[in-house]
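A.B. asks:
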Amino acid sequence: MKLFKSPTIATALAFGLISGGLSADDRLVHDGEFMVDGKIFGLPEARVYTEDYSGPPVVGDYLTAVPHLAELDYEGNRTHDVRMDVISQQIEVAPGKSYNAWTFGGSVPGPTLHVREGDRVVFTMKNRSDEPVVITEPVNGGSPFFGQVQANPIQKNQPAVSPMPHSMDFHSGTVAANDKWQTIPPGATIEFEWVANYPGVYMYHCGTPSVLMHTAQGQYGAVVVSPKEGFPTDDQVDHEYVLVQSEFYLTEDEYTEGYRYDHEAAMARDPSQVTFNGHVNALHDAPLRANAGERVRLYVLNAGPSGTSSFHVIGAIFDRVWYEGNVENEWHGMQTVLLGASNGAVMDFIVPEEGSYKLVDHEFADAERGAAGTLVAGPRKQ
Amino acid sequence: MRTLLITLMLSLPIAVFAEEAGMVYIDGGDWELPIVREDTGQSGRVEDFLLDVHQVTNAAFLDFVRANPEWRRDQAPGIFRDAGYLSHWPSAEGLGEGNAAPDRPVTRVSWYAARAYCREIGGRLPSMTEWEYASERQRQALEIAPQDYASQLFSWYANPGAGDLRPVASGPADGLGIHDLHGLVLEWVEDFQLILGRGDDIDLLTGSCGDTARFLPEFDEAHYATFLRFQSRSNYQPVTTTSTLGFRCAYDPE
Amino acid sequence: MKTAFIALATGALLAVSAFAENPHAGHDAHANHTPMTAEAITHEHSLFHLDADWQTQDGRSIRLDQLAGKPTLITMIYGSCTTACPVLVNDARRIDRALPDAIRKNLQVVVVSFDPARDTPERMADYGADYDVDAERWHFLHGAPADIRTLAAMLGVRYRDNGDGTFDHSNLLTLLDPEGRVAERSEGLARPVDPIVKALERLHETPRAEAVASD
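If you read the protein sequences in the order shown, they are chains A, B and C. If you read the first sequence in my numbering, its first letter stands for residue 714, the second for the next number, and so on. If you read the second sequence in my numbering, its first letter stands for residue 363, the second for the next number, and so on. If you read the third sequence in my numbering, its first letter stands for residue 12, the second for the next number, and so on.
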């Protein structure tokens, strides 16, 4: 029964206005929800419907373009009303190399969502792959994501039309995938909820077969779920950045100008580009910035779709690493952090001195294909 | 009109007449779908059928809408089509430029509307098996190498040219004499939602992450390209309308 | 409560005995038809738009819009099905029997066959007789293949002809309100009758004047 037991959004939103100090029972919003170990399960069934919506394809205050991360400017838990529509978009991933990407929100990777452990997300997604959607013009409402993309339009985002069925799979959600992550055709909208039961740096992606093609086409991004009590070094962190590593498998298209997905290369795990934040120059043209002696925190996700990342900062050692972004998984003094496809981590390091620091996938075949970036450090502030 | 032609056909050599009527006569045969649908591996039988030479055009669909105003975009019941139904036409009974031009394939039509059209002219939608059989026979007739077939399909998936569709039957009709089976717009079939039914626990309606391998007899690009067509089709809803989805009709021989 | 338990037990017994009679049972798991998950229904429109003629078990012609004005419970089966279908029809009967008289007398039950070649109106009459139900309110329908597929699409029922006399299909009971819109669905076999019974009670309490005509 998908249609008639729709989640009562009004209730959920009203709930979101109340912050902090909630008893366990107050956190259960819908009939059928239950708690195990303080975590909420048994969420209402997804609702698939059609709507007349042509507004901003990304809506939510806590959604940002990489490498930005939204600040959690509220206490305790809240409910987030989040929209990320599927749109097709021509994307450049290396100079002169553009292809028609399938995206969440118009960039690759898609927007980064930041929430707190225990928060609830009411997620809406319309499959607008059949509609040219412009994200590089000023957008009314929506999310900070657009301003950030427009300030640094390195992918030269252009609207495209490439109708396909799509779905959304949040690794940060604990739900029945056949319901919440179900595929919807062009023109349809899906709405479902999930609760951020575990802290972490998570991947989201389209799970529609062929999942290799859908992810390689650009349908992924990061969700950061910050731990309820924070990380031990939170008050010492000077800069926070989000990095998403991913592979592209492109070949020249024989039939149109430009590039297209190369399935044979994708199956052979032979990428044409491996990037941080979706362009071989993303972190060179707009390097990360810090000063000597500052503590920099990176939220790193390896989106794959098929490769690993041996993440390393040349000239630095990770002072603390929380593997998968869970505060319980604390490592110290790491030179390199190995991330399988869809693994994430929170990595703190102290900038040693003024200079330039390369961030690389220390699997050098990947670094040579573009998995590299720069952090430019200024002098020590007195 | 076509019903009449089919009836008349009995008195003439079938192939000749079918072509003049805008259809191709396709000999049936034993055949298996290019995806693994059954554990048994039994081959299926395709009976002889006729198939439209080209996709239904805006002009032809406009004639249908005029004769059947209950299928106008402002009158068709919502249960039979989504909000995008014929939305690219300038008006409910008016064609225009580009994708709304008379010679372009009609798109933004629901499965219900496509079936109503075919029924009206004495035909029906081809079954999924018939359509795929025609596709494979066409490939054989044209001797298209699997790699070329795959490249063309992957190119179309990524860049379907939906903003500026070609007129139907732009090139010569070679092979079986069928135009645009691939590379223009995808086509509705009668049983579009029937694939991937392989049992209780594993049938997630449309397949899921990592399900591809179970349905592919070979892991080459051509089979993947074909699978994506099955996958996309089975994810549509009967009311779905998009800019890359049209149809052509099939007919039973008399 | 006791009634519900007995009804459930009856359903289970029927399922067990039907299974034992299945000549394919035990040979090949695939010979048993397998349930296909029903499609989500994303519309709130009336099914009475379906322009099709059906034949009842007593040979009368009927259209869906003739069911307007009263709620209708509808399901799709095929007559030679010995596993799921008898349970599904029994589920409809369990719902029918769980209703107060005032509600039951208004309920129409429609059982549509996927298999028009074998399930002639005569055969559907025999089929219906086995269930000992009120033939005035229960309609076992035979229709054209294209109309069967249209109805299935409108209900979200998926099915396919396996070519050997069996069909794979969704196991779905759908309650239509008096205007023909989907009011409640129950997917699966031998499910609790409550959701549909409660929906029927709600429909019974809703004054007809408040019901909005659907488009």
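C-beta: ideal position from N, C-alpha, C; glycine also.
Apart from the five residues just before and just after B:A503, which ones in its own chain have a Cβ nearer than 6 Å to its Cβ?
C.D. replies: Stepping through the second sequence from its first residue, residue 503 of chain B is reached at position 141. Taking C-beta separations shorter than 6 Å and ignoring five residues to either side along the sequence, the partners of B:A503 in its chain run G537 and L538, following chain order.
A.B. asks: Chain B partners of A:A909, CB-CB under 7 Å?
C.D. replies: Counting from one through the first sequence, the residue named residue 909 of chain A turns up at place 196. Residues of chain B passing the Cβ test: none, with the nearest at roughly 21 Å.
A.B. asks: Taking the alpha-carbon of A:F1078 as reference, which of A:H1045, A:Q1095, A:S985 and A:L776 has the nearest alpha-carbon?
C.D. replies: Position 365 of the first sequence, counting from 1, holds the residue named residue 1078 of chain A. As written in the sequence, residue 1078 of chain A is Ala, which differs from the Phe given in the question. Cα-wise, what sits closest to A:A1078 is A:S985.
A.B. asks: Which residues, in order along the stretch 754-768 of chain A, keep a beta-carbon less than 7 Å from a beta-carbon of chain C?
C.D. replies: V761, Y762 and T763
A.B. asks: Specify the secondary structure class of A:K1071 as computed by DSSP and reduced to three states.
C.D. replies: Position 358 of the first sequence, counted from the first residue, corresponds to residue 1071 of chain A. Reduced to three states, the DSSP call for A:K1071 is strand.
A.B. asks: Give the residues of chain A in contact with B:F411, contact being defined as C-beta atoms less than 8 Å apart.
C.D. replies: Within the second sequence, the letter at position 49 stands for residue 411 of chain B. Those within 8 Å of B:F411 in chain A number zero; the least Cβ separation is about 27 Å.
A.B. asks: DSSP state of A:K839, grouped into three classes?
C.D. replies: As a first step, residue 839 of chain A is located in the first sequence; it is residue number 126 there, counting from the start. DSSP places A:K839 in strand when its eight states are reduced to three.
A.B. asks: Pull up the DSSP beta-bridge partners for B:W630, would you.
C.D. replies: The structure shown does not extend to residue 630 of chain B, since chain B spans only 363 to 616, so no value can be given for it.
A.B. asks: Where does the unbroken beta strand (DSSP E) through A:E953 begin, and where does it stop?
C.D. replies: Taking the first residue of the first sequence as position 1, residue 953 of chain A is located at position 240. That run of the beta strand (DSSP E) goes V950 to F961.
A.B. asks: Would you say C:M135 lies against chain B (beta-carbon separation less than 9 Å)?
C.D. replies: Working through the third sequence from its first residue, we reach residue 135 of chain C at position 124. No, C:M135 lies away from the interface with chain B (no Cβ there is under 9 Å from its Cβ).
A.B. asks: Taking only beta-carbon positions, decide if B:S594 is within less than 9 Å of chain A.
C.D. replies: What you label residue 594 of chain B is simply residue 232 of the second sequence in a count that begins at 1. Yes - at least one Cβ of chain A is within 9 Å of the one on B:S594.
A.B. asks: Who are A:D882's beta bridge partners in DSSP?
C.D. replies: Counted from its first residue, the first sequence places residue 882 of chain A at position 169. Per DSSP, A:H918.
A.B. asks: In the DSSP output, which residue or residues are listed as bridge partners for A:M1047?
C.D. replies: Here residue 1047 of chain A refers to the residue found at position 334 when the first sequence is read from its first residue. In the DSSP output, where bridge partners are listed per residue, A:M1047 has A:F1031.
A.B. asks: Suppose contacts are defined by Cβ-Cβ distances below 9 Å. Is A:K1094 in contact with A:T887 by that definition?
C.D. replies: Position 381 of the first sequence, counting from 1, holds the residue named residue 1094 of chain A. Position 174 of the first sequence, counting from 1, holds the residue named residue 887 of chain A. Contact: no.
A.B. asks: Let me make sure I understand the geometry here. Which of B:F589, B:Y474 and B:E583 has the alpha-carbon closest to that of B:F442?
C.D. replies: Locating residue 442 of chain B in the second sequence gives position 80, counting from the first residue. The shortest Cα separation from B:F442 among B:F589, B:Y474 and B:E583 belongs to B:Y474.
A.B. asks: According to DSSP, which residues form a beta bridge with A:G685?
C.D. replies: What is shown of chain A runs 714 to 1095, which leaves residue 685 of chain A out entirely.
A.B. asks: Is there a Cβ from chain A that is less than 9 Å from the Cβ of B:N420?
C.D. replies: Within the second sequence, numbered from 1, the residue matching residue 420 of chain B stands at position 58. Chain A, which has no Cβ nearer than 9 Å to the Cβ of B:N420, makes this no.
A.B. asks: Report the option in C:A128, C:N182 and C:R192 whose CA atom is closest to the CA atom of C:A79.
C.D. replies: Counted from its first residue, the third sequence places residue 79 of chain C at position 68. Among C:A128, C:N182 and C:R192, the Cα nearest to that of C:A79 is on C:R192.
A.B. asks: In chain order, what residues of the same chain lie with their CB nearer than 6 Å to the CB of A:P940, ignoring the 5 residues before and after it?
C.D. replies: As a first step, residue 940 of chain A is located in the first sequence; it is residue number 227 there, counting from the start. The answer, listed in chain order, is E830, P912 and V1040.
A.B. asks: Report all residues from its chain with a CB closer than 7 Å to the CB of B:T491; omit the five preceding and five following residues, and keep chain order.
C.D. replies: Taking the second sequence and counting its residues from 1, the one referred to as residue 491 of chain B is at position 129. So the list reads L395, G406 and V408, once near-sequence residues are dropped.
A.B. asks: Check each candidate in C:Y89, C:H153 and C:H180 and name the one with the smallest Cα separation from C:R74.
C.D. replies: Locating residue 74 of chain C in the third sequence gives position 63, where the first residue counts as 1. That would be C:H153, whose Cα lies nearest to the Cα of C:R74.
A.B. asks: Would you call A:R1082 buried or exposed, if buried means 16 or more other Cβ atoms sit within 10 Å of its Cβ?
C.D. replies: As a working mapping, residue 1082 of chain A is identified with position 369 in the first sequence. Label assigned to A:R1082: buried.
A.B. asks: With DSSP run on the structure shown, which of helix, strand or coil describes C:R169?
C.D. replies: The sequence position of residue 169 of chain C within the third sequence is 158, counting from 1. Three-state DSSP puts C:R169 in coil, outside helix and strand.
A.B. asks: So, under 8 Å CB-CB, C:I106 and C:V208 are touching, yes? Tell me the CB distance rounded to an integer number of Å.
C.D. replies: Reading the third sequence from its first residue, position 95 is the one you call residue 106 of chain C. Reading the third sequence from its first residue, position 197 is the one you call residue 208 of chain C. That belief holds up - the Cβ atoms of C:I106 and C:V208 are roughly 6 Å apart, short of 8 Å.
A.B. asks: Less than 6 Å between C-beta atoms, sequence neighbours within five positions excluded: which residues of the same chain meet that for A:G1006?
C.D. replies: One-based indexing of the first sequence puts residue 1006 of chain A at position 293. Counting only Cβ-Cβ distances below 6 Å, and skipping sequence neighbours, we find R1093.
A.B. asks: Do you know whose CA, among A:N790, A:E788 and A:V834, lies nearest A:A759's CA?
C.D. replies: Numbered from 1 along the first sequence, position 46 holds the residue referred to as residue 759 of chain A. It is A:V834.
A.B. asks: Is A:H997 helix, strand or coil by DSSP?
C.D. replies: Counting from 1 along the first sequence, the entry for residue 997 of chain A is found at position 284. DSSP, reduced to helix, strand and coil, places A:H997 within a helical segment of the structure shown.
A.B. asks: What would DSSP say about A:K893, mapped onto helix, strand or coil?
C.D. replies: Locating residue 893 of chain A in the first sequence gives position 180, where the first residue counts as 1. Here DSSP, grouped into helix, strand and coil, assigns A:K893 to helix.
A.B. asks: Tell me the DSSP secondary structure of A:Y775 in three-state form.
C.D. replies: Position 62 of the first sequence holds residue 775 of chain A. The answer is coil: DSSP assigns A:Y775 none of H, G, I, E or B.
A.B. asks: Between the stretch 838-855 of chain A and the stretch 806-821 of chain A, do at least 3 Cβ pairs fall closer than 8 Å?
C.D. replies: yes
A.B. asks: Anyone know if the C-beta pair for B:R434 and B:A454 falls short of 9 Å?
C.D. replies: Reading the second sequence from its first residue, position 72 is the one you call residue 434 of chain B. Reading the second sequence from its first residue, position 92 is the one you call residue 454 of chain B. Contact flag set, yes.
A.B. asks: Is A:A807 helix, strand or coil by DSSP?
C.D. replies: Here residue 807 of chain A is taken as the residue at index 94 of the first sequence, counted from 1. Three-state DSSP puts A:A807 in a strand.
A.B. asks: Looking only at its own chain, which residues have a Cβ that is under 6 Å from the Cβ of B:Y479, when we skip the five neighbours before and after it?
C.D. replies: As a first step, residue 479 of chain B must be located in the second sequence, where it is residue number 117. The answer, listed in chain order, is F426.
A.B. asks: Where do the ends of the beta strand (DSSP E) carrying B:L424 lie?
C.D. replies: Here residue 424 of chain B refers to the residue found at position 62 when the second sequence is read from its first residue. It is not in any beta strand (DSSP E) - B:L424 instead sits in the alpha helix (DSSP H) that spans N420 to A429.
A.B. asks: Does the distance from the C-beta atom of B:T604 to that of A:P876 stay below 9 Å?
C.D. replies: Position 242 of the second sequence, counted from the start, is the residue given in the question as residue 604 of chain B. Position 163 of the first sequence, counted from the start, is the residue given in the question as residue 876 of chain A. Yes, the Cβ-Cβ distance between B:T604 and A:P876 is below 9 Å.
A.B. asks: Tell me A:I753's beta-bridge partners as DSSP assigns them.
C.D. replies: For this step, residue 753 of chain A is matched to residue 40 along the first sequence. Paired residues: A:M748.
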